[in-house]
Every structure is written in structure tokens, then in C-alpha cells.
Amino acid sequence: MASELLNAQTSDKLLLNEKTLSDTVINDSGHESSGSLSAELPSTPEGEQKQHDAFTNTVEEKLSSSDSNETKFFRVKIAVPGGENIEVQISDGDIVQELYQMLLEKDSTCHRTCFRLYYEGNPLDQFTEIKNIPNIQDQVVFTVVEEPYNIREARTHVRHLREIVRSHDISDAANGVEFASFTCLSQITQAVDENRKSARPPLSSNSAEIRSESDCLPPYWLLPGCGEVPLKPLIPLNSNYKNNGSESLTPNSFQAIRQIYFSSFNPPPGPRKIKGDVLYLVVDCVEERRFHITCCTRGFFVNSSVGDVFKPEKSSVYGNRIYHSLFDLLSDLSPHFKKTFSQILKTRADKHIFERLPAPYQLYHWIVPLVDNKLDQMRADDQIQPFRVGFEDHMPGQIRDWNEELQTTHDMPQTTFAERLCRDRARFKVNADFLQACVRGALAVIDGSVLSINPADEPKMQMFIWNNIFLSLGFDEIGGDAAAHASYSADLAAVQAYAHIDDPKLHTCGMAVIDLRGCRIMAQSIIPGILDREQHEPIVYGSFDSGKTVLSNDVYAQLLQNSSELLKIQPHLVWNGKEGDEYVKLFSSYESKGIIGNDRRHYLMDLLRTFPPDVNFLEDAEPTEKAKALGFPRKFPHKLVYLRQELVDTFVDAKVYENRKAVNSAKNKENVENKTDGEAKNDKDVDAKPSDELKEESKVKEEKPLVIRLNPDCYSTAVKHHPDEDLEGQRKLVAEAAEFLLFNQIPQFVNDCIHLASAPADGVALTEALHNRGINMRYLGKVIEALEINKKLGYLVRIAKVELLCRSIRHIFREFIRSVEAHCIGMAVAHFLNCFIGGSEKNVLSMQDTENNNNINGNGHSTLQKKIVSGGKKKRRMGEKNNNNNSTLGNGSTPIQKSSAWTKLTQETLWKAISDESDGHYNYRIVADCCDSFIEWSDGARRSAIIRRFCAMNGVQIVLKNYQFESKSQTPFSEDDIFNLVPVVKHLNPRSQMAYNFYLNALIKMQQGFPRIGYELMQQAHSMMLSIYGPLHSDLALCLRFMARMAYAMNDYPDALAQQHRALLISERCNGIDHHETISDYINLAHFSFANLCITSSLKLFYRARHLLLLACGEDHPQIGQIDANIGVILYLLQEYDTSMRFLNNALSLYQKYGVSMKTALLTHVISRVHSCRGDFRTALTFEKETFNVYSTVFGNEHEKTVISSERLRQLTTQAVTLQKHMNEATSGLKTSKQLMPKIQIQPPTLQNIIELLNAFNNFLFWKVKIQTE
């Protein structure tokens, strides 16, 4: 496809996005770029062709070992019962299952589920590739043959009917079930036709020719300077829902049936079962009629049952016909169903396929519409049974062995490209299913629906097994709640690091961390045999008793050598804890445990201390002198502080680079000194030495490569190190790494923000930016201090302070919500939010005591190994208070005890606790006693941004409505405003490294100036990701964004629009409707929509991006300047000069504030044009002078831009003088009425002018590069 796109047209311009093509880019949103591009990078067409030929050979070797055959396409006909023939085109690499999926998506066949495809009288297996079908050729006919029903197929058919009938319903997305999530693009603007290739109007068209296409001014609350924006437009609803007078929404139409459910007469009795009855259904139609329907092996029919009288025979009233499809039967029984079902299919067809497909992971939004709850018996069957995982209909009677599935996919062969592709696909699918089961298990544990396997122990130490998943509550004997939460996060990060190495012989467990209602639950797959052994029998490597005894194993030592090298772990000797002086060599932390399961696989677990400690937060450690000058080490709530793997890698690379630089400098200096005074002597010595001796001498002089590794146990007092270990040197190296974070990584991040190479839009983007540089969030206070030095970064200081506030209050909210009884959760959360968001203490309603229960019993952490291997020893934590252990689990109670203490919470106590928490965790005290004072202290943070971040961080969902945050007469939240508490999930990300490497190589090739190779690599990456992840995944959005920009570069605007449309839909479904990457996608889609002359859609998309960004961070942000510049330019084209000037002036003030000189000059030129169109030539002259001054300073007086600006100044001066002269003459009465207006020609902008301005404002640069055609 890439060659077709490149051969279709020849262009002398190639668009390169400077933020996308940086060599340091990982995040494709444009925020992480720090590199620069040179105009000398693109090569000649001949050079690129040579590079293309060489690289293509390499790619072909990777993609197919010996297969060089081209892909073949077949056109096949599918004969459907009823006489319809469907013609489709397929490739020989497709599988038969894709034909099944196509038939389920097609309107005429979507109601068929129980069928099989036959070819030449033989059934086709669903997983057979087309090329492997015997006698396959072009124009063959596949036949759809209806199969008999069984209980599994019948349930699948009924559920499929339910899914289609409810395809327009948003309740699943609101409730966070069935992998549904919101997408708002189709409601904001009209659907984008991806196949639109119609002729475009010429770019020379002016505003008069297109003015009729657009009349889209923004709502008043989106204008610059209008303060808080409403929340209700965040999720625009279609016409299928209406407001019933309250905040609840009721479906407006498309109710095909009232409900369908399985009859209480099930299962069929013996006499009916031998006659073919499979199950019985009850259908309530909209016409107020009820039908009892029998599903037999041949299909569906109406039986004679009435009420509670069972009559399984066919009803004589409705004939004796049997319908193979329940859809056909209901269409005959209910005219309303037949009419409505056709409307549902039409609406379903109008929706993009990405809006209908399930997402790979369940996404929970922080604010959701309140939709009326309708009768749905099938939903009830799924949700009220705590033992159900969701796979029972596909695997009846089986419980999945998650560990075996995960390890089997890990062991799959990966020698060829096809094997690696199949392995990555299987790993991703099994991990996604495992994560779904983990979340359901955690919900069941929190609800008290799972029996504990050790009910005699304290509640915080109890463990659970649910559907072959081990679940444990967070508990730490020494560090308390803070250490318990940190240990699970550290363990998960280390497992992800080992999974990234992907050693085929080293295994780790599947793992997920779920936070819900103040509890943190670790879910793990179970190692075979670990539950059947004694306390320490399974462990053959590491320590099972907190360092008292340390074991080692030759097999594990060999397995961990490679991983220790890649993770920069220093091998070290420690005492084994037994009699004598025997030391064992470890290639990981002593806390890590090697276990050989009954399946003979080698597992590595308890990896929480894999990374080196952060000495800046260990009170008994010794930081460097520079760190001590900043007040380190500092006290921290727990001792489980570690450096991130990103920092370790960056630190080691920097040390190696410095060493290599020093060695080269010393060599050069030595060569210069010895060159002059030792030439004769060296010549004589050389003549006297044989050649072999010279070679040996040269080898000795060669410097060995510097190897730097960090010891994770260097500050551990639980183990005894070998006397020969250079423990002081190892500790010094770890201290230097912590110093590197303070004096290199944080200043580099600040510098990137100053130059707008990184501009986080909210707390999530800020966290990602810091983590990518290896900066832990406990340094947030230090980051804020560094940001406050530069006045340009006021917006980022505000975002960081909001993040500081929400992270501090998260610790308080965990303790708070954990003590609340289930029936008081809504009231408690509303009261907490009122104390948090309310303006002052007198506006917060006082809460009265409603219950008198036991005190909160709270904390806990234990990994699988600590609890099982140590036998679940009962130890009281240091400093633990109010431990009342009368509660037990597994008898209907939740894992923690409840209390009514939450009613005593006041605004004063809450904000005092917030201030203390921020000082204790981040060493930066929040100076505020209410939300109003915090907004003043943070220089204008918005309540919407605060509540948005708080809800997303703590799993709180509120109802979609416009809240009165600043009301002086009432509190913002009531009990009815709290929708739900949902889990916050951290999990492993089984990314396909092979596909992601293709993506990174594509970016590199584009930066090097080889667009054809880059585009082809990106297509390969997209194709592989599509095959591995399915159509919805965040990595696919990265590829689609790149391909959209490349299509735009090649002047294929419709294709760019289609690709960006897909990227935005994927980002909304997988990341969230208000995610920072989604905002960037809206800006790009708006840009490409304008290039396709969709003016109204373009403006609506820019308005949407502005709305989302205002909710996320407020109006003071560089990206707001970019959006306002785009809106102002388009409104200028549409001759909406007054509104245009409001956006342009706001963009100008932001550009001037952040020092974007070139865009400032361009913007002042646009403002000058707008003023000239309004007839205000004096003001236009003033702004054009600013443009001229910038261009003359940057480029010089001879540059083309400076010359054009100078000519523009001359024209404006002439027009201003002419206008003033006519005004003077008119005042003096020297002119008649017909001569009052001077003849001044004002050239309106063309579409080409506007597109060039949008390209500049959206960071697109052009270099003249000829793309060679074959």
C-alpha cells in the first residue's frame, strides 16, 4: 500500500513534524520532543532509493524466513439461506473466522450465530487460513449451513440478540461493564466518511464562496476569559436519550422489546429433552404481550405455556413454524420489533466500527450520565453471581488455569516472524482475560463474597483464592499502610521489567494491583504446588525469612546473569545465615525468591527490592555532599524507596559516556605530548620489537569497556555482606545515582519545559513526563521548587500543585473511605468532597452521627510468598493503633471493620491533614485551609481540574451535571451526585516489542530523511499491532497519528482525515474522552478537517479541544494559545472579526508569555490583517511593525519574510494615509456623499493562506524534498 500511495503522486514538499520526529520521542502526542531537525537531513532521491533497497531486503528477512510469495486476493461468494449471495474480497493470509465476523457485522446476516461455512461439501475450520483450503481459487462459493442448537449456542444466540438491541445504549459505558467506554466524536460533529475521495474546491476559494458552509460560533462559556466551564457538555448525548425532569436520562426510542429472559421452566424435563427442547425463554413485547418461546435443536417456536402453566407444545395460535433465528420469530410476532429493529440496524451501521467493538481493558470515566435502569435479566445473571468470570458461556464447566495459560504463552516458540506474531497475540489475549478475572475477584473480596483460606488470622492478613487467582490485602508489619501500598507498586514495576527482558527460561507470575474503597489488593496467578508444600520447601533461591537465611542455586545463578546485566544489578556475595562462613552469590536482591513449581518451571517472585534504594530518603544512609546541601536525607513515611529503572539506565549511560570522553581526552593529550619529543626514540624501540609483541602491547593498552552496576542490597542491614565486597564503593555509586536525579534529571525536565519540548496538560501527563526521566513522584515538591524559579512555567507550577494536592488527599481518602459502612458510602463521599471543594467552613453542611460501629481496622500487606511460605505469622505492626480484630472474612463481611467516625470530618481538620501529608510525603507544605485559599495559593487552579484529578485517582464517579462549585448558599455535592466507586487498576502491559521496534524505526528513518522507508515501516508496525492487539489499542493510535501526518504531507488530505479519525476514536475508547493525548488528537483532526473543507466540523473539534483543556488545566497553557490561534484564523476567514480578535489576542498574550517569538510574529501579522479588514489601519500598522521587528532581528533585512513584512508596512501606511485624508476632507465638507469612502482594496484570505497558517501554528515544517516515483 505504501508504494501505491507514493507512486500515486509526486510532491516537491515533504512535511516533517518537529515534535514527532525527534530521536528522543516515545510519546507521540508531541510533548516529549527535545531534538531538532536540520534541513540537510533529507537525502537525494537516488540515495534514498539505495537505502530503501537495502533496508527492504532486511525487512523482508525479518518478516518471512524464506517466504517471498506475494499476497494473493480472492473474490468469493457466500450463499446465505434465503437466496442472498454476498461477495467479498479476502487475502490468502486471512483465516475463515474473519468471514464469520464479517457475517455477524452485516445487516442482512447479523442475526445468524449458529451456522457453519461449507466449501465443496466440506465444513471449514474457523482457524484455517484461506490459502490452506484445498482447491481454493477466485470466484468460489462458500455456503452458509444452519447448524442445530445446543445449550451453549442457544445462550450465545440470545445474548447476541440482546447486544444488537442494546447497541445504542450507553448504560454499559456509564456502569463500566462489558468493556464499553464513551466516545463523543460522532456527537460533536458529523461522521467522517473515510472513503471520501470527491474533488475538493480549489484552495484559492475565498470566504464568500465557503461562508454558507459554516455558521458556527462558540458558546459563551468557551470564549477567552469566561472562567469556569460547565461539566455537562463533556459527554454530549444523542437524540436517543431525553431528560425526564431530573438528572436521570431515559431512552427516547429504539426500544424493540421490553425484556427477554430465561424462563423459570428451565431446564427442559426429560420427556421434552428427548424431543429436542434446549431451553425456554420469556419475551415481553412493547405491545404488552408476553410470549413463552421454546428453543429446540432446529430453532425457535412459540409454545402454549401461559403464566405458571407449563405447556411445551407448539402454540396453535401462532402456527407450527420453527424459525432458526429468534430475530425472524420476533419479527413475525411483534410489528413494533420488526420496525424498530430495522431502525436499530440503520443506527448501528451509521456508527463507526470502533464505537461498537469492546476495548481491550475496561475503562472507567470519572463523570458519567445517570441513565435509567431498565429490566435486563441477563445482566442480572452476570452481575449478581460473584463466582462468574465472564467466560462461562465459551468454556462451560471449566475453570481456567491462569498460571498455566500465562506460562504456556511465554514458552511458545519465537524463532520465525509468524511464531513471534502468534506468541505476542496469545500473550496479550491471555493477559487481558486474566486482568478481567482479577478485577472481578477483587470486587468479590471487597464485597465479602469470597471465603478466606486462613479465617483464623487477622482480617488484614487473610488470603483468598478465587477462580485460580490468589488475592491478598496490602499489609506490612513494619512500614504500615504507606509501605504496603509502595511494596505492591514496586513488585509490579519489577515484574514488568523482567517481563520486558523476556527470558524464555525465567518465569514470573501474572499480577495486577487493584485499589478499591481504600483497600489495595494484589492478584496473582498461583504457582503449581506452592499451596501444597511446607513453609520454605519451594524456595531454592533468595531468602524466605527476611534475610536470616539466604539460599542460592546454580540454575538460578545462570538464569539471572543476563537479566542482572540488563537491569544493571551488581552481583554480590552475602552470608547464607548458616553455621560457618559460607557466602552465596546473588544476582538480585536477597528479598527475591526463586521457586521451582510442580511444572518444573523456574519462577522468580517477591521482586519489590529489585531496584537500588534512594538514599535521599533513607535516614541512616549517606548521600553525597551536594545532596546534603539540599537537606537530604529526609524522613519518609516508609523505607521502601527505590530508584526507577529509567533513572538507572540514564545514569549508567551518562557515566559510561563521561568515562569514554575522559579516556579519549587523555589519549589525545598523551598523543600530542609524545608526538614531538619521542618520535626518534619510539621509532628505535619499534624497530627493535617484533610485530607479535607490538600486537600484545596494543591489546594491553586498549581500555576495557566500563561496566557500572548498582547493588540493591548495599544499604540492607538484614544480610551480611562478604568482607571482600566494596560495600562503600557500591553505596557511593547508589548515592551518585540519587544525586544524578537531583542535579541532572530535574533540571533537564525544567529546561525541556522552558523550551516547550515538554508541556504537560494535566497531572497524568506530568507524571508520565517525570517517570520517563526516572523522577519519582516523591520528588514532586523539589520539582515544584525548580519550576517556580522560571516565571514562564507558572502554568506547570499550577498543574504540579494540583497534583500535589490530589496525591496528598489520596492518602487521607483511603483511610476515610475504608471506615465507612456500605449504605453510607454515598453520603460519606459527598461529605468528603464538600469539605474538600467547598469554599469555606460555614458553607459545608455538618454531618450527624448515624451509626455507632467499631473503629477502623485498617492496614495490611503481604505477598504470596510471605504469607504462604512463612505460614502466616501473626505480627503486630510498629506503631499500629486501634486494632480490633473481632471481624472475620468469608461470612458476608468485608475485609475491614466499619465506623461512623467519618461524620466527624470537618473542612478544617481535612485541610490541616492535607497540609501535613504534603509536607511529610513531598516536603512541600500546602498553605491553605480551604479550596478557595488553595486556588489563591496556586495562582488560579480550577475546581474542575481538582475534582477531575481527584476522582480519576481514587476511583470516584460523579453524576454528569453542572455543579455550583462557587455557590455561597449550598454545598456542591449531595448523596445523589455520587454515582459509584470503581477500581483503579495497575497491571502488566504485554507490549509487542517487535511491533513497537518497527514503530520506533519508522520515526528514526523519517528523521534521517527516508520517508518511503519510514512510511512502509509504520504500515508494517500498524499491521502487526492490528494482528496482535485487535482494532482497539493505544499503540495503534500512535501509528495512525503518524500515518495521518504522512498522508497530509503527500497532499492526500482525505486519507489523512480518515487515519486521524481512527486514531481519535481509539484514543477516546482506550485512553479516555478527556485524556491529554485525546486532546492532541482533536487538534490534529480539526486541522485535517479544515484541509478537507469541513469548516463547521473543524471549528467544533477545536472548540471541543479547548473545552477539554480548560477542564484539565485552565486557560493559562501553551496549548490553549495554539488552539486559540487556530480558531481565530478560521473565524477570520469566515469574517467573524470580533470573535476572531478575542481568540487571537488571547493566543498572542500566551505566546508572548511563553516566549514563542516566531509564532508571535506570525500571529501579530494575522492580527494586523484582521484589523485591516475591519478598516482599522493604524492598529494594523502597529501590529505589523512588531512582525517586522522580529523578522529583521532573527533573519536580517534581506530575508524573504522581512521583505514581505516591509512591503506590507508600506501598503498599510499608504492605506492609513489615504483613509485619514478622506476623513479630513469629509470633515471639512470638501467631498460629496458619493466620494466619502476611499477606494481601498482589501484582499481576503484564501484557503491556501489559512492552511499555511494552520500548518505553522500546529508545528508543521516543510522542506523541499522530491519524492521519487517508480
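As numbered in UniProt numbering, residues 1 to 1270 make up the sequence shown, in order.
Think of the CB as a built atom: it goes at the ideal place given N, C-alpha and C, for glycine as much as any other residue.
Proximity of residue i and residue j at Cβ, strictly below 8 Å
i	j	result
residue 960	residue 188	no
residue 1031	residue 179	no
residue 623	residue 642	no
residue 542	residue 531	no
residue 838	residue 951	no
residue 1083	residue 1123	yes
residue 955	residue 972	no
residue 347	residue 168	yes
residue 1069	residue 181	yes
residue 593	residue 539	yes
residue 1118	residue 759	yes
residue 749	residue 775	yes
residue 130	residue 119	no
residue 1099	residue 1085	no
Buried/exposed call for residue i, threshold 16 Cβ in 10 Å
i	result
residue 124	buried
residue 473	buried
residue 415	exposed
residue 117	buried
residue 616	buried
residue 1051	exposed
residue 1012	buried
residue 633	buried
residue 747	exposed
residue 1020	buried
residue 829	buried
residue 568	buried
residue 823	exposed
residue 226	exposed
residue 316	exposed
residue 563	buried
residue 619	exposed
Identity of the residue in the options nearest residue i by Cα
i	options	result
residue 293	314, 432, 613 and 565	314
residue 318	310, 308 and 331	331
residue 916	1078, 927 and 493	927
residue 163	113, 996, 539 and 137	113
residue 127	1176, 98 and 149	98
residue 375	311, 272 and 258	258
residue 910	977, 949 and 836	836
residue 90	73, 801 and 486	73
residue 1254	1005, 988, 662 and 1091	1091
residue 1213	1176, 1189, 1243 and 1190	1176
residue 268	284, 288 and 297	297
residue 780	798, 625 and 804	804
residue 582	574, 589 and 588	574
residue 1121	437, 739, 435 and 224	224
Expected contact under 8 Å - CB spacing of residue i and residue j to nearest Å
i	j	result
residue 1165	residue 1139	With a Cβ gap of about 19 Å, residue 1165 and residue 1139 do not count as contacting.
residue 337	residue 256	5 Å
residue 901	residue 974	Between residue 974 and residue 901 the Cβ distance is about 21 Å, and since that is not below 8 Å, they are no contact.
residue 278	residue 149	5 Å
residue 1129	residue 978	Actually they are not in contact, since the Cβ atoms of residue 1129 and residue 978 sit about 43 Å apart, beyond 8 Å.
Any non-hydrogen atom of the ligand ZN within 7 Å of residue i CB
i	result
residue 341	This structure lacks the ligand ZN, and indeed carries no ligand of any kind.
Does the region 505-522 come within contact of the region 937-948, defined as at least 3 CB pairs closer than 8 Å?
-> no
So does the region 303-310 actually touch the region 322-330, counting three or more Cβ pairs closer than 8 Å?
-> no
Report yes or no: do three or more beta-carbon pairs, one from the region 462-469 and one from the region 398-412, lie closer than 8 Å?
-> Touching, yes, given that three or more Cβ pairs across the two stretches are closer than 8 Å.
Specify whether the region 777-788 and the region 810-819 touch according to this definition: at least 3 beta carbon pairs, one from each stretch, less than 8 Å apart.
-> no
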